[in-house]
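Heads up: the sequence shown begins at 1 in UniProt numbering, then just goes up one per residue.
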Amino acid sequence: MKKIAILLLFVLLVGTGAGCTGGSSSATLENVELTVWRVFDDDDAFDTIINNYRVIHPNVKINYRKLRYDEYENELIRAFAENRGPDIVSLHNTWLPAYQVLLAPMPESVNLTYQETQGTLRKETVVVSRTEPTMSMRQLESTFVEQIAQDVILDYQVDTDVSPVEKIYGLPLAMDSLALYYNKDLFNTAGIATPPQSWGEFQDDVIALTTYDKSGNVDQSGAALGTSQNVERASDIVSLLMMQNGTAMTDQKNKITFNTITNDVADGVFPGFDAVSFYTDFANPTKEVYTWNNTFDSSFESFTNGETAMFLGYSYHIPLIQTASPKLNYGIAPVPQISGGREINFANYWVESVTASCDNPDWAWDFVQFETSEDQVVSYLDAAKKPTALRNLISSQLNDSYLGAFAEQTLTAQSWYHGYDSGVMEDVFEDLINAVLSGSYEDPGDIMDSAATQVSGTYKK
């Protein structure tokens, strides 16, 4: 995210009084157009949902636009600045606080119009207006997995004279999490029958799967871990290891704490630093688990080329693997855990939000609730091959050969707020990985404090 551009945009919007227009209470059936911007998914993944909504509300036209990820945020900021932003926008779960000023929170109720046929002998088509309650906080928590409420509920404050209240700022269509991809053929050759469930087993498997050429260089990697530049989502993996190791990434006030020593560990032991060290061991030639270095292609490419036996990825990697290497014999398993520790997984997902510039916020929020509801979202999940965020649908995906591992992890998937510029956080974690791997630090506490200070800087508006 471009922090300066967002800050300038905040000033622009506040200064010009951009805001949300309330719904009409008149019983007239007016035509409504809603523009939806998303990334990754083609419009055919939403055909069923949109058609079903128009059966109920034929007066509503929904325009769907898919943008490339690499252009999405810049185009979004530019559109808002030019007053041509979408009505409904898809935002990463870690972006919500940064975009909050550009969003309209879910109201307590929406006012909608319906066309109905009334009468018995003499039938008459009339337009009726209804005020319908929206999803409550309690319903949100009972409908979606736990992490959702922690991310989408934000403090809403009309002005400084009024105490803030909690509001819902988005709802998810799916919930992704890091899982373990493994090459079945390489596992069979190494005599490994099942994927590792713990990190101890993972280390043993890495040693068994790693092979060397005549010069002593790694020829076949056991796992793609340890570096920053050629491991996809390295910052997510390190975050996962930190959280599994008992690191508190932030406190209840969203203050960075991943550099602190928790109460349940020995003095002088930094669980966050230990997690980074564990990660970099796989790229450290002096360690027994050495299996990866910067000479390899990206973790994804090395996996699809059969050069590495394991890599950590998301469900969105499934179609990419099928395209890059359709004959690859691979499996997907839950990500390893620390033996005896509390199960923790890493969440990565997008939410559908209504923009503050939307002229029809009641209709927009009604559609967001409709598309993310249990009855409707199934068609999207089936078309897009995504793991669900709904509690009631988890069991239906557990036996899926591709999505089962992700569904199994959904209830324990966690995330943390990366600040107003998540790109800075990723750069800081890359630098942290490089420093630990190269040994260019004097004190673990100092290097963690430095990283925490840099990420904390992105928490300031």
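Cβ coordinates follow ideal geometry from the N, Cα and C atoms, glycine included.
Alpha carbon to alpha carbon, how far is T28 from N360?
Translated into positions along the sequence shown, residue 28 becomes position 28. Translated into positions along the sequence shown, residue 360 becomes position 360. The alpha-carbon atoms of T28 and N360 are separated by roughly 14 Å.
Judging by CA-CA distance, which residue of E343, R84, D421 and W416 is the nearest neighbour of Q252?
In the sequence shown, residue 252 corresponds to position 252, counting from 1. Out of E343, R84, D421 and W416, W416 has the C-alpha closest to the C-alpha of Q252.
Are the beta-carbon atoms belonging to L432 and T227 less than 9 Å from one another?
Your numbering for residue 432 matches position 432 in the sequence shown. Your numbering for residue 227 matches position 227 in the sequence shown. Going by C-beta atoms, L432 is not nearer than 9 Å to T227.
Threshold first: 4 residues or longer. Then list the alpha helix (DSSP H) segments lying entirely within the stretch 72 to 153, N to C.
Entirely contained in the stretch 72 to 153, the alpha helix (DSSP H) runs reaching 4 residues are, in chain order, 96 to 99, 137 to 143 and 146 to 152.
Given that a residue counts as buried once 16 or more other Cβ atoms are within 10 Å of its Cβ, and exposed if not, what is V269?
In the sequence shown, residue 269 corresponds to position 269, counting from 1. The residue in question, V269, is exposed, as its Cβ has fewer than 16 Cβ neighbours within 10 Å.
Is there contact between the stretch 57 to 77 and the stretch 395 to 403, where contact requires at least three CB pairs shorter than 8 Å?
The stretch 57 to 77 vs the stretch 395 to 403: no contact.
From F273 to E442, what distance separates their C-alpha atoms?
On the sequence shown, position 273 is the one that residue 273 refers to. On the sequence shown, position 442 is the one that residue 442 refers to. Their Cα atoms are separated by approximately 13 Å.
Looking at C-alpha atoms only, which residue of I77, A309, V89 and E82 is the closest neighbour of R65?
Residue numbering aside, residue 65 sits at position 65 when the sequence shown is read from its first letter. Considering only alpha carbons, the answer is V89.
Quick check on DSSP: helix, strand or coil for Y279?
Start at 1 with the first residue of the sequence shown, and residue 279 comes out as number 279. Looking at Y279 - three-state DSSP - the assignment turns out to be helix.
If you compare alpha carbons, which of Q322, A174 and Y290 is closest to E301?
Position 301 of the sequence shown, counted from the first residue, corresponds to residue 301. When each option's Cα is compared against that of E301, the closest is Q322.
Where does M249 fall in DSSP's three states?
Sequence index remark: in the sequence shown, residue 249 carries index 249 (1-based). In the structure shown, M249 sits in coil (DSSP, three-state: anything other than H, G, I, E or B).
In the DSSP assignment, the beta strand (DSSP E) including W37 goes from what residue to what residue?
Locating residue 37 in the sequence shown gives position 37, counting from the first residue. First-last of the beta strand (DSSP E) with W37: V32 to V39.
Taking C-alpha atoms, which residue in W37, K255 and T117 lies nearest to F80?
Against the sequence shown, residue 80 aligns to sequence position 80. F80 has its Cα closest to that of W37, out of W37, K255 and T117.
Nearest to Y290 by alpha carbon, out of L180, F346, L225 and V127?
To locate residue 290, count along the sequence shown from 1; it is residue 290. Closest option to Y290, Cα to Cα, is L225.
If you reduce the DSSP assignment to three classes, tell me which class K255 lands in.
For this step, residue 255 is matched to residue 255 along the sequence shown. Three-state result, K255: coil.
Can you list, in chain order, the residues of its chain whose CB lies under 6 Å from that of R130, leaving out five sequence neighbours each side?
Translated into the one-based positions of the sequence shown, residue 130 becomes position 130. Cβ neighbours of R130 beyond the five flanking positions: L112.
Only counting runs of 4 or more residues, tell me where the alpha helix (DSSP H) segments fall wholly within the stretch 278 to 366, in order along the chain.
299 to 304 and 317 to 324, all fully within the stretch 278 to 366.
With H, G and I counted as helix, E and B as strand and the rest as coil, what does DSSP make of E201?
Walking along the sequence shown from the start, residue 201 turns up at place 201. DSSP places E201 in helix when its eight states are reduced to three.
Touching or not, the stretch 277 to 287 and the stretch 373 to 384, by the rule of three or more beta carbon pairs under 8 Å?
Flag = no, the stretch 277 to 287 and the stretch 373 to 384 do not touch.
Relative to the alpha-carbon of P164, which residue among S422, D427, I153 and G170 has its alpha-carbon at the smallest distance?
The sequence position of residue 164 within the sequence shown is 164, counting from 1. Selected option, being the one with the closest Cα: I153.
Got a sec? Which residues, its chain only, sit under 8 Å from A248 by beta carbon, not counting five neighbours each side?
Walking along the sequence shown from the start, residue 248 turns up at place 248. Cβ neighbours of A248 beyond the five flanking positions: T257, F258, T260 and T262.
Here's a check: name, in chain order, each residue in its chain whose Cβ is nearer than 7 Å to the Cβ of L67, leaving out the five neighbours to either side.
Along the sequence shown, one-based indexing puts residue 67 at 67. Only W37, V39 and E75 meet the Cβ criterion.
For F370, tell me which candidate among E30, N183 and I50 has the shortest Cα-Cα distance.
Here the question's residue 370 lines up with position 370 in the sequence shown. Among E30, N183 and I50, the Cα nearest to that of F370 belongs to I50.
Less than 9 Å between the C-beta atoms of L320 and R233, yes or no?
As a working mapping, residue 320 is identified with position 320 in the sequence shown. As a working mapping, residue 233 is identified with position 233 in the sequence shown. In this structure, R233 does not lie closer than 9 Å to L320 by Cβ.
Are there three or more Cβ pairs, one per stretch, closer than 8 Å when the stretch 214 to 225 is compared with the stretch 403 to 423?
No, the stretch 214 to 225 does not touch the stretch 403 to 423.
Check residue 464 in the structure and name its three-state DSSP category.
The structure shown has nothing for residue 464, since the chain only spans 1 to 461.
Would the beta-carbon of T295 fall within 9 Å of that of N217?
Here residue 295 is taken as the residue at index 295 of the sequence shown, counted from 1. Here residue 217 is taken as the residue at index 217 of the sequence shown, counted from 1. Yes, Cβ-Cβ distance for T295 and N217 is below 9 Å.
For the alpha helix (DSSP H) containing N188, name the first residue and the last one.
Position 188 of the sequence shown, counted from the start, is the residue given in the question as residue 188. Run containing N188: K184 to T189, per the alpha helix (DSSP H) assignment.
Would you list the one or two residues that DSSP bridges to T211?
The count along the sequence shown starts at 1 and reaches residue 211 at position 211. For T211, which the question treats as bridged, DSSP gives the partners Q220.
Return yes when the Cβ of N345 is within less than 9 Å of the Cβ of T453, no when it is not.
In the sequence shown, residue 453 corresponds to position 453, counting from 1. In the sequence shown, residue 345 corresponds to position 345, counting from 1. For T453 and N345, no; Cβs fall outside 9 Å.
Grouping DSSP H, G and I as helix and E and B as strand, with all else coil, what is Y181?
For the purposes of this step, residue 181 is taken as the residue at position 181 of the sequence shown. It is a strand residue.
Tell me which residue opens and which closes the alpha helix (DSSP H) that V428 is part of.
Start at 1 with the first residue of the sequence shown, and residue 428 comes out as number 428. V428 -> alpha helix (DSSP H) spans S422 to S438.
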